[in-house]
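In the order they appear, the protein sequences are chains P and E.
Our numbering puts the first sequence at residues 14 to 248.
Our numbering puts the second sequence at residues 14 to 248.
Built from N, CA and C at the ideal position, the CB exists for glycine as well.
A quick note: this is a predicted structure, and the numbers were derived from the prediction, not measured.
One structure below.
Protein chains: 2
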Amino acid sequence: MGEKRTPVLRAESVYRALRRAIIEQALKPGMKLPEDSIGEQLGVSRTLVREAFGRLAVEGLVELKPNRGASVAYPTLEEARDVFEVRRGLERLVAESLAGRITPAQVAELEAHVHQEEKAHEQDGPESIRLSGEFHIKLANMTGNALLLRYVQEASSRCSLILAIYGRPHSSECAVSEHRQLIDALRAGDAARAADLMDHHLRAVVTRALLTPRVERDIRDVLAPYALSEGLTPS
Amino acid sequence: MGEKRTPVLRAESVYRALRRAIIEQALKPGMKLPEDSIGEQLGVSRTLVREAFGRLAVEGLVELKPNRGASVAYPTLEEARDVFEVRRGLERLVAESLAGRITPAQVAELEAHVHQEEKAHEQDGPESIRLSGEFHIKLANMTGNALLLRYVQEASSRCSLILAIYGRPHSSECAVSEHRQLIDALRAGDAARAADLMDHHLRAVVTRALLTPRVERDIRDVLAPYALSEGLTPS
DNA sequence: CGTTCCAATATCGTATGCAAGTATGTCGAA
DNA sequence: TTCGACATACTTGCATACGATATTGGAACG
């Protein structure tokens, strides 16, 4: 069985694997990412793992400290707010550029999606979370603006990280009713209202989910303030 | 003179060098980027060049085709519009979050900057272009939102590429007067007006600078229409 | 008993090597 | 003369190798 190994670049596969693992929180924020063990696990050399790290670092999913290796990014609360703010700006643009220009077929697709969300919401599984996220990706995708889609995806990924750290256990983040309202505004072609709805929707997500500070991950950072308050001198 | 060899990672230096070279159009859009000649030129191995390519690809400054290497990105006209649209959304956010919260010191800095722009505008050197760009970066920086800054920088870089391809020779892209108005609105704390000014300003940049389709870079794309019109069949 | 220094170990940063894939040039057959 | 198959040179994809840097566990010393 000459299993054709990989028709396409394995570097890409590594990148995607790590990306998914981080987003799905199999790799938790702050977790150390040694090149060797990861490469071994994925069946590739450090070279490819390293390449993937570089790209993930640009996207803000991985932190890269010189000579100290990579770890899953652990955004500060401040960075978290930054991400949500940018995301709001981006998605408002999504809403505006979609309003009125959305096709009936697209509306139908969105409504089907929301319907799924409602069903998943009852059982309150992890499905609910995934679906809420996908709704926003779907919207971004419908704009036909590839860059906008990329940025929304990126922001969305980072939000996963952020919610893993600062989010309350599993309050499903998006209110389905808000999704429905948004669809209505888009179909009606009311750009201003759609943008406002999106804006409020995302603000609501922040206040609903993002309030509880959790543990810190790097011992140094945790202890630095204590050291100072005790007059100790961090080397 | 024990010249300390590498103060910081050389990979980073390679990345920055290439980035600058692309933005300053020393490396022109579409130009092929062979790993070994570039590595040789910069005094590093292909490994580092390759790593830099990966990161630049994420940022959209280089295109990476499997087994065919890297080249400086050559955005299509459609991608160009996408970039400008996203940039508008981002910078509107900049304007909004800065309005009213901007400090007198920051206003002073911006005014000094605009003054420089005016002086440079008279002599109409390449300085003029650089300064216009920096004005927007400065604004983004003042928001204190690191992610927003990163995205604006990225969008800005890509705009350089785009103007290199589709821009008219050297119409300085930004009208200085528009910058002044914007500063006024920011100081007055009129968020809506600031956002609108920014929006119009960037729309104006597009219509001023971005109209002339130029040459295509990939021979295939250039010739495809000719082939069709002659009844030839592109393999 | 606590502190300093040093070796051992685990990683990282980078260069190089080899296999595989792509482009190009040549030559023979139709 | 045109087309296509093969051969060659070049480039990329990936792994491995080796020196450099950080971290850990003592041992020596105060």
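request  = Check the C-beta distance from Leu144 of chain E over to Glu130 of chain E and give it rounded, since I have them as a contact under 8 Å.
outcome  = 5 Å
request  = Verify the CB distance criterion: does Glu64 of chain P have a CB-CB separation below 7 Å to chain E?
outcome  = yes
query = Are the C-beta of Pro79 of chain P and some C-beta of chain E separated by less than 7 Å?
reply = With 7 Å as the cut-off, Pro79 of chain P counts as an interface residue toward chain E.
inquiry  = Tell me the rounded alpha-carbon separation between Arg59 of chain P and Ala133 of chain E.
reply    = 49 Å
key: Burial state of Ser50 of chain P, where buried means 16 or more other Cβ atoms lie within 10 Å   = exposed
task = Please compile the residues from chain P whose C-beta is within a distance smaller than 7 Å of the C-beta of Gly52 of chain E.
result = Near Gly52 of chain E there are no residues of chain P at all, since even the closest Cβ is about 15 Å away, more than 7 Å.
request  = Taking Leu106 of chain E as the query, report the chain P residues whose CB atoms sit under 8 Å from its CB, ordered along the chain.
outcome  = Glu98, Val99, Arg101, Gly102
query = Which chain E residues are close to Tyr164 of chain P, counting only those with a beta carbon under 8 Å from its beta carbon?
reply = Val99, Tyr164
ask   = What residues from chain E crowd round Asn158 of chain P, counting only those whose CB sits closer than 8 Å?
value = Asp95, Glu98, Val99
key: Residue range of the unbroken beta strand (DSSP E) whose run includes Glu57 of chain E   = Inspection of the sequence shows that residue 57 of chain E is occupied by Val rather than by Glu. Premise fails: Val57 of chain E is in no beta strand (DSSP E) and is neither H nor E.
message = With H, G and I counted as helix, E and B as strand and the rest as coil, what does DSSP make of Lys78 of chain P?
response = The answer is strand: DSSP assigns Lys78 of chain P an E or B state.
task = Within its chain, find whatever has a CB closer than 8 Å to the CB of Glu140 of chain P; leave out the 5 residues flanking it on each side and keep chain order.
result = Ala133
Sequence ranges, alpha helix (DSSP H) only - wholly within the stretch 116-201 of chain E, length at least 4 = 117-136, 139-155, 159-179, 189-201
request  = Please check if any C-beta of chain P sits within less than 7 Å of the C-beta of Gly67 of chain E.
outcome  = yes
message = Under 7 Å, Cβ to Cβ, is there at least one residue of chain P near Lys17 of chain E?
response = A caution first: Lys17 of chain E carries a pLDDT of 38, below 50, which makes its placement in the model unreliable, though a value can still be read off. Judged by the 7 Å Cβ criterion, Lys17 of chain E is not in contact with chain P.
inquiry  = DSSP three-state label for Leu106 of chain E, please.
reply    = helix
key: Min CB distance Leu176 of chain P to chain E below 7 Å   = no
request  = Inspect the beta-carbon positions of Pro42 of chain E and Val96 of chain E and report whether they are closer than 7 Å.
outcome  = No, the Cβ-Cβ distance between Pro42 of chain E and Val96 of chain E is not below 7 Å.
request  = Would you identify the three-state DSSP class for Ala39 of chain P, choosing helix, strand or coil?
outcome  = coil
ask   = Mind checking whether Val27 of chain P and Leu61 of chain P have CB atoms under 7 Å apart?
value = Taking 7 Å as the cut-off, the beta carbon of Val27 of chain P is found closer than this to the beta carbon of Leu61 of chain P.
request  = Verify the contact flag: Glu122 of chain P, CB atom, against every heavy atom of the ligand ATP, threshold strictly below 6 Å.
outcome  = As presented, the structure is devoid of all ligands, the ligand ATP included, so that no description of it is given.
ask   = Can you find a C-beta in chain P that's less than 7 Å from the C-beta of Leu195 of chain E?
value = no
message = Quick test of the definition: if touching needs 3 or more C-beta pairs under 8 Å, does the stretch 151-170 of chain E touch the stretch 98-115 of chain E?
response = Output reads yes: the stretch 98-115 of chain E touches the stretch 151-170 of chain E.
query = If you follow the alpha helix (DSSP H) that Ala207 of chain P is part of, which residue opens it and which one closes it?
reply = 204-222
request  = Check the Cβ of Val71 of chain P against every Cβ in chain E and list those closer than 7 Å, keeping chain order.
outcome  = Arg68, Val71, Glu72
ask   = What in chain E is Cβ-close to Leu22 of chain P, meaning under 7 Å?
value = Pro79
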